[in-house]
Amino acid sequence: MIIKIIFSIVIVFVSTIIGEIYANGYRQRTKMISQLISTLQMLETEIVYASTPLPFLMQKVSRRSPPEIANLLETTSEILLRKEGYTFSEAWQKGIELSHKNSALYKEDLALLINLGNNLGNSDRDNQMKHIQLAMEELRRNYDEAIHLQNKNVKLYKSMGLLGGLAIVIILF
Amino acid sequence: MNPMESNFIKKASNMDTHLQLEQYLCPELRKIVGKIPETFKTTMEEIRLRMNQPLMVYGNNQDYFVSPTGELVKDRERGFPVGRINIENTLQFISNYSIYAVEEELKRGYITITGGHRVGIVGRVVTDDKGIKTMRDFSGLNIRVSREKKGVANSVMKYLINERGDFYNTLIVSPPQCGKTTLLRDIIRHISNGMPALGLRGLKIGVVDERSEIGGSFQGVPQNDLGVRTDLLDGCPKAAGMMMLIRAMSPEVIATDEVGKQEDNMAIEEALMAGIRLITTVHGNSVEDLYHKKIICNLVKDKIFQRIIVLSNKGDVGTIEGIYDGNTMKNLIMSPIRNRVVRSNDH
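Protein chains in written order, with full-length UniProt numbering: chain A, 1 to 173; chain B, 1 to 347.
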């Protein structure tokens, strides 16, 4: 009897955690997008007011960014400083591939970033500002969508985890 | 006198110079330029990229097309055609991946890179009511190799210092591409470091480097050795810069490139009044040429310059045709001083 009860508790516990993990993916994405937006804000300020060249700018901004984004910026800047002949957009893409293999961001979020990378650095300040603002605008749209998904799915997955666990227990015993 | 004495120039690390330069080319061109024979690379003065035209290099007073395998050819059909992508990528490396960070430089039409090399840029210029705003659609690059030739002034210095170890006001006269700035730079270094053998103690020297050619500054740091007592004002208009130096840095000597404007005159007078020595350069082929230039002519007639050095590229770049005494207009050297360039690996 006691074994049965312990077993049931474990099953419910595990399935709740699985539900939580799924739900967390949605929360992570919204968090990441909002962090990305503030990082782009910093990029814009650095470009427009300080004209810092990209490799140094990335290092500077990475120090003030959360770890996942800092990773992307640092990887890119390292590739650039090695001067192996990669253009900025190539280095940026590599950085995204290396640092966002398992990230919570969706393909469409990453595509936005890659697109921004194709334009960063190759025009004057006014133009750079426009590109960054456009990317931020699009990220905000993705953010709204992410929030919407989060509101819809977090509760769903959480309760599905719990209820699923209970269902298994009832069926088994 | 023996024109050969102490006139062997050690070229500063040639290997490093072009390795450093090749880093700035896009990978495709890097490979091709890497295959150019070493012997040519040590004398290479320019690499030229023009859109849809063959890659060209200039050296030994003539230009060559470069084939995809790095051969120097005279037949343009065999040259490697430079495309838009080559120019754009090369410019990325030159601008440190950030065109927006070199906006000021684009307005002037050139960028100075590490090592003091200079990259000239052409393209479509965008203007607004304030003048040139920026440049885009880049169509050509000219990478000029800068070789710091330490020692070119060794044989000249003794004519520029009097028996009390005082420096004479000096004017360097030279046609373009004859090593005018190179000579000026080396004289600056000698004045700044001092030459105990000639009784010259190191003097405080202020340099106004309007076109960033003397110091070859990269992000404000001179890439060429200008000596220990040198203060460099980079990118500053000459007249304003001279005044700034007089007021702020108490120099004993002021050096600048290519005077000739009306306002320069004022600044020069100001400097002379403050007891400051001058060294400057001017375009021209001979002393007679000076009399056709208004500002310089007056200065020469007033016997401001006690020494006038005339350069030419007869024989070699940087041949010193004559050193004239500004008071008597007599040539102080018997025969032209040739700048023998000796390659050395012992540094």
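Don't be surprised by glycine CBs; every beta carbon is placed ideally from N, CA and C. No experiment lies behind these values; they were computed from the predicted model shown.
Check	Outcome
Continuous beta strand (DSSP E) assignments of at least 3 residues falling wholly in the segment 64–143 of chain B	110–112, 118–128
Below-8 Å beta-carbon distance, residue 124 of chain A vs any chain B residue	yes
Nearest residue (CA-CA) to residue 139 of chain B, options B:207, B:224, B:82	B:82
Cβ pair count under 8 Å reaching 3, the segment 235–245 of chain B against the segment 286–306 of chain B	no
Coarse secondary structure for residue 44 of chain B, derived from DSSP in three states	strand
Residue 180 of chain B to residue 277 of chain B span [Cα, whole Å]	19 Å
Nearest-angstrom Cα separation, counted from residue 148 of chain A out to residue 173 of chain A	38 Å
Uninterrupted alpha helix (DSSP H) stretches inside the segment 14–79 of chain A (no shorter than 4 residues)	54–62
Test: residue 19 of chain B CB closer than 8 Å to a CB of chain A	no
Where residue 197 of chain B falls, given that 16 or more other Cβ within 10 Å makes a residue buried	exposed
Per-residue contacts from residue 128 of chain A into chain B (C-beta, under 7 Å)	100
Cutoff 8 Å: residue 65 of chain A Cβ touching any chain B Cβ	no
Inter-residue Cα distance where the pair is residue 13 of chain B and residue 146 of chain B	Caution applies to residue 13 of chain B, whose pLDDT of 49 falls short of 50 and renders its modelled position unreliable; the model cannot decide the point.
Contact the segment 180–195 of chain B vs the segment 209–217 of chain B: 3+ CB pairs below 8 Å	yes
C-beta contact flag for residue 78 of chain B and residue 67 of chain B at 8 Å	yes
Residue closest to residue 122 of chain B, alpha-carbon to alpha-carbon, out of B:110, B:25, B:63, B:19	B:110
Three-state secondary structure (DSSP) of residue 5 of chain B	Because residue 5 of chain B sits at a pLDDT of 38, beneath the cut-off of 50, its placement in the model cannot be relied upon, and the following sentence gives the value as read from the coordinates. Correct three-state label for residue 5 of chain B: coil.
Distance, residue 260 of chain B Cα to residue 79 of chain A Cα	47 Å
The segment 84–103 of chain B / the segment 45–54 of chain A touching (three or more Cβ pairs under 8 Å)	yes
Beta-carbon contacts of residue 69 of chain A that lie in its chain and below 7 Å, excluding the five residues immediately before and after	35, 36, 39
Beta bridge counterpart(s) of residue 62 of chain B as assigned by DSSP	B:59
Residue 228 of chain B in three-state terms, based on DSSP	coil
Where residue 274 of chain B falls, given that 16 or more other Cβ within 10 Å makes a residue buried	exposed
Cutoff 8 Å: residue 134 of chain B Cβ touching any chain A Cβ	yes
DSSP bridge partner residues for residue 311 of chain B (one or two, in chain order)	B:320
Cβ neighbour criterion (16 or more within 10 Å) applied to residue 63 of chain A	exposed
Entirely enclosed beta strand (DSSP E) segments - the UniProt domain "AAA+ ATPase" (166–315) of chain B, minimum 3 residues	170–174, 205–209, 230–234, 253–256, 277–283, 307–312
Where residue 325 of chain B falls: helix, strand or coil (DSSP)	strand
For residue 119 of chain A, three-class secondary structure by DSSP	helix
Under 9 Å from the C-beta of residue 236 of chain B: neighbouring residues of chain A	By Cβ distance, chain A contributes nothing, its closest Cβ being about 19 Å from residue 236 of chain B, past 9 Å.
Distance between residue 312 of chain B and residue 299 of chain B (C-alpha atoms, nearest Å)	22 Å
Chain-ordered chain A contacts of residue 349 of chain B [CB-CB under 9 Å]	The question about residue 349 of chain B has no answer here: the residues shown for chain B are numbered 1 through 347.
Inter-residue spacing [alpha-carbon to alpha-carbon] between residue 223 of chain B and residue 85 of chain B	29 Å
Beta-carbon neighbours of residue 51 of chain A, restricted to chain E and to distances below 8 Å	In the structure shown, chain E does not exist; the protein chains are A and B.
Buried or exposed (CB count within 10 angstroms, at least 16 for buried), residue 177 of chain B	exposed
Under 8 Å between C-beta atoms of residue 138 of chain A and residue 112 of chain A	yes
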